[in-house]
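Beneath this line is the structure, given in structure tokens, with notes to follow.
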Amino acid sequence: MFETWSAVSVRREAPGPGIAPAPGVWAVDPPSTRPEPEGRPAGAGFMPSGWAALELELGTADPASMDDAALVETIAGFHRLMSWAGARQARLLAEFAGRRPADPSDMLRANEPSVGSRFAPDEIGCALAVSRGWATFLLAQATALAGPLHAVRDAYERGELDAAKVRALYETTLYLDPAQATAVAARVLPKAGGQSLAQLRAALRRAVIAVDPDGAANRHRRARHDRRVTVQAREDGMASLWALLSAPDAYSAYEWLTRLARGLGAADSRGMDARRADLLRDLLTGRLTVAPDTDSTDVDLLAPENGDAEQTTGETNSDPDQQFTDPEGDATATPESPPGPGASEAGSGRMYLRPVTPGKPLIQVVVPYPTLTGQTDEPCELVGYGTLPAELARELAADAVWHRLLTDPASGALLDYGRTTYHPPVALADHIRARDGYCREPMCMRPAAGCELDHIIRFPDGPTAESNVDSKCQHGHKLKHHAGWQTTLHPDGRVTWTTPTGHVYTTEPYDYRTDTELAALRAEFTAAAVAAKPEPEPPPTPDDDPPPF
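Under UniProt numbering, residues 1 to 549 are what the sequence shown spells out, in order.
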């Protein structure tokens, strides 16, 4: 006898302050007379299974009869079912891999983890109509999920993780030993279900550096050695120019292009993405140089007093969270639109941009003081990317302008912000961006340094003060003003978003505290690595010297 419950009895989260269930949790109220199915955690909501899939299908036969809240929650329910199905498939893939052991010759191949016979992927590839390479990946991932990442598979089967997050966990821990991989998974899993893919990857980087600091530094050095630029043909007469750089270099270059693009002025009809692309082309082909314009206002740094003017464009996209782009920036442009002021065309010769003050683009790297002084190698964070090895952070520190941050040691919240740079924005804007760290829209990972400042209560009805202003990307700013959406900024810096269906989500301000649990994990694995190192051999005695004697 299988225990089931109605898949269409849903509850709607009441609007108001508070932290909502993790996105993807489908809230289902089983009848009060029916006992909780064994193994269903309290508060976990919908537990996916084959029977639940059947009931969900029967209960949603007429979507037009469902209200908006039920639609959203049922969509999330099917998302969890997809995860459950993927996890069940992974169990079978792992079993199949175990039935196709590797040949002795396969075991000798270098640089390839053995997950069974080299011909096993061919069987799976034919059955699924996928490439041999993708079938190989599926088998390798399933094997890891049956081993050191078994807790990941369990969460996957409960519908708490989707396929993209499972892949991120697998790929990030691929080169760790089993104990390290298990520790990383245990560290990130409690929050992974409520995080975006980019947020999970940032948490994974922090955990990996904690359990394998030396390996992370060595991998960064190898990866940095492989930096390169490539070009790839695209459709419709286009091509992509792609560069692999260190994270600080890449983010600095993007921020610099954005500053130049803003300097072209509001009269330019091109969107920000097109401006950045044209500027990159012109700078690399020698058509363009940058010169200061001392007679014009530095539009890159100064904003209107109310803080609501556009200071940048773009939102997280494609990864879908990591790449910054501006999907709405071209709304006013047409294919026939002429280039705006400051644009260059082929054959127009060298030209000058205005009005931008040359200088270093702003990127924010949070470095613990003991790491800065070389006392420890605690990892650091590049806001918008995630964790960096300590040696890279110290390298950046040698060529940086420093900002002083005063934080509450108990909560990690920002208390004060000081600057020593020339021509700064207003101190309040600096303070708010440093407090937020990132865009305050749920799931957005755009650094606050590139966001607009938004009044929660419109100015002049609401004050221009820390208690009424937060950081939002352009899309988040527009979303907040869209019908049915509400935001509330709490005294402790939390921001609560209420959707048109009454679902409630809360984002937290940046926490500047050292993560004590992560520090303990780092200390544990560092001590284990030291203990595992063999004792150095004593120097040879004179009698043991090789000839000539």
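Note that CB positions come from ideal geometry on N, CA and C, so glycine has one too.
Within the DSSP secondary-structure output, residue 228 pairs in a beta bridge with 244.
Annotation: the region 481-547 contains the following complete segments of the alpha helix (DSSP H) (minimum length 4 residues), in chain order: 516-532. In the three-state reduction of the DSSP assignment, residue 460 falls in the coil class, being assigned neither a helical nor a strand state. For residue 373, the number of other beta carbons within 10 angstroms of its own is below 16, and it is reported as exposed.
Each of 227, 166, 178 and 235 was checked against the Cα of residue 201, and the nearest Cα belongs to 166.
Under the three-state reduction of DSSP, residue 365 is assigned to strand. Per DSSP, the beta-bridge partners of residue 233 are 239.
Counting other Cβ atoms within 10 Å of its Cβ, residue 278 reaches 16 or more and is therefore classed as buried.
If you ignore the 5 residues before and after residue 217, its C-beta comes within less than 7 angstroms of the C-beta of 389 and 391, all in its own chain and listed in chain order. Judged by their CB atoms, residue 152 and residue 174 are not nearer to each other than the 8 angstroms cut-off. Residue state for residue 471 is assigned as strand, using DSSP reduced to three classes. CA-CA distance, residue 430 to residue 270, rounds to 29 angstroms. Annotated three-state conformation of residue 175 is coil, per DSSP.
Beyond the five residues adjoining it in sequence on each side, residue 377 comes within less than 7 angstroms, by CB distance, of 213, 371 and 390 in the same chain, given in chain order.
Check the Cα spacing between residue 92 and each of 453, 469, 144 and 159: the tightest is with 144. Under the DSSP assignment, residue 126 falls in the alpha helix (DSSP H) whose first and last residues are 120-128. Short of 6 angstroms from the beta carbon of residue 276, and not among the five residues preceding or following it, lie these beta carbons of its own chain, in chain order: 257 and 261.
Considering only 129, 139 and 127, the residue with the shortest C-alpha distance to residue 118 is 139.
Excluding residues up to 5 positions away in sequence, 148 lie with their Cβ nearer than 7 angstroms to the Cβ of residue 182 in the same chain. Within its own chain, the residues whose Cβ lies closer than 6 angstroms to the Cβ of residue 146, once the five positions on either side in sequence are excluded, are 94, listed in chain order.
Beta-bridge analysis with DSSP links residue 278 to no other residue.
Residue 367 has its alpha-carbon roughly 19 angstroms from the corresponding atom of residue 521. When secondary structure is reduced to three states using DSSP, residue 378 falls in the coil class, being assigned neither helix nor strand. Three or more Cβ pairs drawn from the region 489-504 and the region 66-81 lie within less than 8 angstroms of each other, which places the two stretches in contact. Around the beta carbon of residue 516, a 10 Å sphere encloses fewer than 16 other beta carbons of the protein chains shown; the residue is thus reported as exposed.
By the Cβ-count criterion, residue 433 is buried, with 16 or more other Cβ atoms from all chains shown falling within 10 Å of its own Cβ. Buried is the label assigned to residue 185, since at least 16 other Cβ atoms lie within 10 Å of its Cβ. With a 10 Å radius around the Cβ and a threshold of 16 neighbouring Cβ atoms, residue 209 comes out buried. Distance between residue 268 and residue 492, taken at the CA atoms: about 40 angstroms.
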